[in-house]
Amino acid sequence: MPDFQRLLHTEGYGFIKNHPRLGKRILLLGIGGSYAYGTAQEGSDIDLRGITLNLPSDLLGLTEFDQYEDAHTDTVIYSFNKMVRLLLECNPNTCEILGLEEDQYLILNPLGRELLEQKGMFLSKRAARSFGGYAGAQLRRLQNAIARDSMPQQEREQHILRSVKNALDDFNRRYAFFDKGTLRIYIDKAEHPELDTEIFVDADYRHLPLRDYEHMWSVMHNVVKDYDKIGKRNKKKDDNHLNKHAMHLIRLFMMAIDILERGEIRTRRTAEQELLLKIRRGGFQREDKTFSPEFYEILADYEGRLERAARESILPDEPDMERVETFVEEMNRKALEV
211 MPDFQRLLHT EGYGFIKNHP RLGKRILLLG IGGSYAYGTA QEGSDIDLRG ITLNLPSDLL
271 GLTEFDQYED AHTDTVIYSF NKMVRLLLEC NPNTCEILGL EEDQYLILNP LGRELLEQKG
331 MFLSKRAARS FGGYAGAQLR RLQNAIARDS MPQQEREQHI LRSVKNALDD FNRRYAFFDK
391 GTLRIYIDKA EHPELDTEIF VDADYRHLPL RDYEHMWSVM HNVVKDYDKI GKRNKKKDDN
451 HLNKHAMHLI RLFMMAIDIL ERGEIRTRRT AEQELLLKIR RGGFQREDKT FSPEFYEILA
511 DYEGRLERAA RESILPDEPD MERVETFVEE MNRKALEV
């Protein structure tokens with residue numbers, strides 16, 4: 211296990227102390243990724259995730275700030291205001307920052323602890339949609355990787371079509387803008403000479419917000435792109451990624467069920483660590499790179515549990531926005547004094 215506290219004092223992490231938006235303005239900074247989940251193995255990346263107060267100029271002036279990223283150290287630190295917006299949607303990547311155990315926080319000041327104590331106000335039944343959407347995307351990545359290597363071209367194209375439709379269904383449920391026009395996706399005889407069949411799109415929209423269109427297009431683009439990567443494959447790396455996708459798929463269900471059933475965010479999966487590591491190490495992958503029936507039985511069980519948890523959740527349908535706004539205002543008043 212790396213000495214994370216020691217890392218913070220190395221030259222590569224000097225920005226955490228020295229950057230004007232960070233330093234004493236950081237509410238909390240914790241471990242992310244596999245080390246946070248308890249599924250790290252030799253060679254796992256070190257990720258740090260945190261939250262920092264907005265500057266007075268962000269709150270009263272003309273500057274804007276969403277997050278600070280350092281690619282060299284895989285560190286992402288969100289502004290407090292952006293974090294609140296993501297938490298209200300029960301965004302999985304940000305919820306997990308508030309669900310670490312005490313020893314996984316490298317920085318935790320009094321305002322950060324106050325945020326942890328009040329994190330329950332952000333949780334709602336939106337978690338079923340948000341975590342379910344992320345899990346669906348993870349499942350598509352898994353299916354896409356298998357299909358890319360094991361299916362004939364025509365079957366692969368059918369699979370792409372299903373993936374695109376599923377992706378659009380997720381998007382439609384979330385943003386519901388399809389009253390702006392029509393979209394038809396179908397397979398027909400290919401126009402590209404290297405293909406037998408391919409996907410075609412007939413689209414007709416009016417007064418559609420450009421950002422919605424761009425997001426919809428990017429969803430389709432990313433699904434298709436998974437199949438069309440060219441160049442030599444690193445077989446070992448691809449197999450590791452495949453198993454990692456499968457592990458994160460199940461982990462997302464675990465976290466969502468905790469939130470919906472108990473109103474708790476639990477990032478480190480100690481009780482389920484053995485199962486998750488077995489998936490990551492290829493314990494359910496067959497020689498043809500598909501997954502065993504046992505894995506899909508586990509997946510079906512978690513899907514059923516998530517559906518029940520969503521129906522019977524102790525959480526409110528929506529967050530108490532009056533309470534949230536009061537808390538955010540109090541925190542931002544304190545941000546002006548830091």
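Count along the sequence shown from 1, add 210, and you get the number used in this note's numbering. C-beta: ideal position from N, C-alpha, C; glycine also.
State the start and end residues of the unbroken beta strand (DSSP E) segment that holds residue i.
i	result
Lys483	Per the sequence shown, the amino acid found at residue 483 is Gln instead of Lys. Not the beta strand (DSSP E): Gln483 falls in the alpha helix (DSSP H), residues 483-490.
Leu258	257-262
Tyr245	Per DSSP, Tyr245 belongs to no beta strand (DSSP E); it is in the alpha helix (DSSP H), 243-247.
Ile317	315-318
Would you tell me roughly how many angstroms separate the C-alpha atoms of residue i and residue j, rounded to the nearest one?
i	j	result
Gly243	Asn301	15 Å
Arg421	Asp213	42 Å
Arg476	Arg231	28 Å
Ile210	Glu401	In the structure as shown, the chain begins at 211 and stops at 548. Residue 210 is therefore absent and cannot be evaluated.
Arg295	Ala519	24 Å
Ser523	Cys305	17 Å
His219	Leu310	22 Å
Leu239	Ile395	44 Å
Glu252	Leu298	35 Å
Asp511	Lys544	46 Å
Leu316	Leu237	11 Å
Tyr344	Glu279	22 Å
Thr516	Gln328	The sequence shown places Leu at residue 516, not Thr. Approximately 25 Å, taken between the alpha carbons.
Ala413	His425	15 Å
Ser254	Arg323	28 Å
Arg496	Leu352	14 Å
Ile469	Glu484	21 Å
Trp427	Leu509	29 Å
Phe501	Phe494	6 Å
Met541	Arg259	20 Å
Tyr415	Tyr423	9 Å
Ala281	Leu459	25 Å
Gly342	Phe463	7 Å
Arg551	Ile467	No information on residue 551 is available, as it lies outside the stretch 211 to 548 that the chain covers here.
Could you tell me which residues DSSP puts in a beta bridge with residue i?
i	result
Ala281	Ala281 pairs with nothing; no bridge assigned.
Glu408	Asp398
Gly271	Looking at the DSSP assignment, Gly271 forms no beta bridge with any residue, so it has no partner.
Gln634	The requested residue 634 does not occur in the structure, where the chain is confined to residues 211 to 548.
Gly240	Arg259, Tyr315
Gly391	Tyr415
Val286	Arg259, Glu279
Determine the burial state of residue i: buried for a count of at least 16 other Cβ atoms within 10 Å of its Cβ, exposed for fewer.
i	result
Lys227	exposed
Arg461	buried
Asn303	exposed
Asp268	buried
Lys446	Residue placement at Lys446 cannot be trusted, given a pLDDT of 46 that sits under 50; the coordinates are not used to answer.
Tyr247	buried
Met531	exposed
Met465	buried
Ala347	buried
Gly271	exposed
Arg336	buried
Thr285	buried
Rounded to whole angstroms, how far is the Cβ of residue i from the Cβ of residue j, which I believe are closer than 8 Å?
i	j	result
Met293	Arg533	Incorrect: roughly 16 Å between the Cβ atoms, too far for contact.
Thr407	Asp398	7 Å
Ile489	Asn450	That belief does not hold up - the Cβ atoms of Ile489 and Asn450 are roughly 12 Å apart, past 8 Å.
Thr273	Tyr223	About 25 Å separates the two Cβ atoms, so there is no contact after all.
Pro526	Ser334	5 Å
Arg350	Val548	Rounded, the Cβ-Cβ distance is 43 Å, inconsistent with contact.
Ile261	Ile287	7 Å
Lys390	His431	Going by Cβ atoms, the distance from Lys390 to His431 rounds to 20 Å, so no, they are not a contact pair.
Leu546	Pro320	That belief does not hold up - the Cβ atoms of Leu546 and Pro320 are roughly 16 Å apart, past 8 Å.
Leu486	Arg478	Not a contact, Cβ separation roughly 11 Å.
Ala456	Phe410	About 32 Å; that fails the 8 Å criterion.
What first and last residue would you give for the alpha helix (DSSP H) that runs through residue i?
i	result
Tyr506	503-522
Cys305	302-305
Met541	531-545
Gly224	224-228
Lys292	290-298
Arg216	214-217
Say yes only if the C-beta of residue i is nearer than 7 Å to one or more non-hydrogen atoms of the ligand MG, and no if none qualify.
i	result
Glu540	Here there are no bound small molecules, and the ligand MG is not part of this structure.
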